[in-house]
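Notes follow once the structure below has been shown.
Numbering (full-length UniProt numbering), first residue to last: 1 to 563.
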């Protein structure tokens, strides 16, 4: 039996957040554990943003489709019809035309707060996002959220507003031809959100932060993360190991702890992740490629050993292979993507991922909610449960730039897939007795995993009802499976509602409304604990939430899936 050898005493890595790359680990006075800096809030320096007194480089980047048909939270940004000639493709053509979109003839300048504030009109609108200032005046007519949404940030730092609506948007590429320059350097106060001993009596910031240790045998490298949190599970651990670069992210509520290094030596493809759920310990076990003794674990990268808010952590992508594409309806397909062998990722119920493609030289991103390959509860195909595949049900729009490009992918092609995001918590279902799911079109996708979880793992549920809105009968996704599920489980009921039915349709007709919901959404008992989940196009979600409020349901009894 191999006896483990510790890497030797090392000193804790206590470099500030976003420090430059550091040399490899060195040994701690308190052997064995490396603690992350205390959680702090603050946007990292954008790519290409120099420090004071240095030349400003235009940052490379990737921007998602501003015209994507994505759902937003109730009360959030609604799409505005664009004029002809104002599509995403038209904007890309304009940015590549050579036209001066900044008004500065190619010069990049430093912008003071006073100067920024002067440019606050529709015909002269500058906005700051993460320290970079853009002249968005030419983009006004191309913005799917409308001019008024952009004007909310006119002449100001719009970072927070931008993050509220679509943090996942990588604006640099789409707006790079509108880059005016960077904000003039100004000392800033300590970032908000820092955990301090004053905030939490009896504890220190160091007590709350995760730490890590590592040891080796002749053939293995084992990295141990002490999360200091109970109830850890595999969905909270995301690990990627490619070409000696290891990235391990642990999700802890609304925070993220990251280990990111260039390993000292090569490792074999694949690894094991072991989780001690009750004590919150996570092990990442790597297999050495060569039987050599490692003096250090590796060279820490910029974000290594950091513990920050998830919203401040940039999205990470890995290349996934398309292994199958099958027709679901006349305009919707089921895509099966295979994760790399050196990736550990499980998408939690109610969360989404982002797909990224290069279209006309611009990186475009759009969110989708992974589903199960089938709704049938006795479905036993191993690939459904092995954690190696992601299934996406995607509607192909005839004029959709992104979905048309997706549909052109051939089996064996690769596409970039992000780590999961979302704020849905399973505990919302686990404490409910009645569960209602309101879905329109592909707003059905988050309901798939939710249905499976509710009917297989939540024993207190008395009633689960899906109210599924579509235009026509042939638009209904997985109709046969849903009807079969209703026959198998007496707790489950499905009701189809069509807005454009044929004369032969005998089911419900119409659109989401107060009268329809008052008839279809009823507690099984007067005092039943209820959860109502809703997903669909923005007008559908907003109308649904408004009707449910009018019917007396509280905010705590509703969850709108958003991306």
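For each residue, glycine too, the CB sits at the ideal point set by N, CA and C.
Approximately 4 Å separates the beta-carbon atoms of residue 432 and residue 531; this is inside 8 Å, confirming the contact. Ranked by Cα distance from residue 276, the options 270, 224, 264 and 323 are led by 224. Using a Cβ distance threshold of 8 Å, residue 173 and residue 240 do not count as a contacting pair. Residue 81 sits exposed, since fewer than 16 C-beta atoms from the chains shown fall within 10 Å of its C-beta. Distance from the Cα of residue 358 is smallest, within the candidate group 406, 274 and 163, for 406.
By the neighbour-count criterion, in which 16 or more other beta carbons inside 10 Å mark a residue as buried, residue 158 falls on the buried side. C-alpha of residue 291 to C-alpha of residue 269: approximately 15 Å in a straight line. Nearest C-alpha to residue 497 among 446, 489, 541 and 438: 438. By the Cβ neighbour-count rule, residue 305 is buried, with 16 or more other Cβ atoms within 10 Å of its own. If you draw a straight line from the Cα of residue 425 to the Cα of residue 534, it is about 14 Å long. Excluding residues up to 5 positions away in sequence, 371, 372 and 375 lie with their Cβ nearer than 7 Å to the Cβ of residue 448 in the same chain. Only residues of its own chain outside the window of five on either side were considered, and among them 468 and 477 have a CB closer than 7 Å to the CB of residue 444, listed in chain order. Taking every protein chain shown into account, the CB of residue 461 has 16 or more other CB atoms within 10 angstroms, so this residue is buried.
Contact between residue 229 and residue 263 does not hold, since their C-beta atoms are separated by about 26 Å, which reaches or exceeds 8 Å. Within the same chain, 499 come within 6 Å of residue 511 by CB-CB distance, once the 5 residues on both sides are set aside. Ranking 350, 410 and 219 by CA distance to the CA of residue 427 puts 350 first. The shortest C-alpha to C-alpha distance from residue 473 to any of 506, 413 and 489 is the one to 506. In terms of CA proximity to residue 143, 91 leads the group 91, 160, 553 and 129. In the three-state DSSP reduction, residue 337 falls in the strand class (E or B).
Separation of residue 546 and residue 163 (C-alpha to C-alpha, rounded to the nearest whole angstrom) is 24 Å. Residue state for residue 314 is assigned as coil, using DSSP reduced to three classes. For residue 254, no pairing in a beta bridge is given by DSSP. Taking C-alpha positions only, residue 220 is separated from residue 540 by approximately 53 Å. Excluding the 5 residues flanking it on each side, residue 501 has same chain C-beta neighbours closer than 8 Å at 472, 473, 507 and 509, in chain order. CA-to-CA, the gap between residue 85 and residue 283 works out to about 53 Å. Per DSSP, reduced to three states, the secondary structure at residue 95 is helical. If you check the CB distance, residue 235 and residue 184 do not come in under 8 Å. Take residue 387, set aside five residues on each side of it, and the residues of its chain with a beta-carbon closer than 8 Å to its own are 234, 339, 344, 345 and 346, in chain order. The alpha carbon of residue 313 has as its nearest neighbour, out of 250, 363 and 367, the alpha carbon of 250. Excluding the 5 residues flanking it on each side, residue 317 has same chain C-beta neighbours closer than 7 Å at 356, 416, 417 and 418, in chain order.
If one requires a minimum length of 3 residues, the beta strand (DSSP E) runs lying completely within the stretch 456-515 are 463-470 and 492-498, in chain order.
Between residue 333 and residue 411, the CB-CB gap reaches or exceeds 8 Å. A distance below 8 Å separates the beta carbons of residue 255 and residue 307. Under the three-state reduction of DSSP, residue 242 is assigned to strand. Shown here, residue 433 sits in coil according to DSSP, grouped into three states, outside any helix or strand. In summary, residue 365 is buried, with 16 or more beta-carbon neighbours lying within 10 Å of its beta-carbon over all protein chains present.
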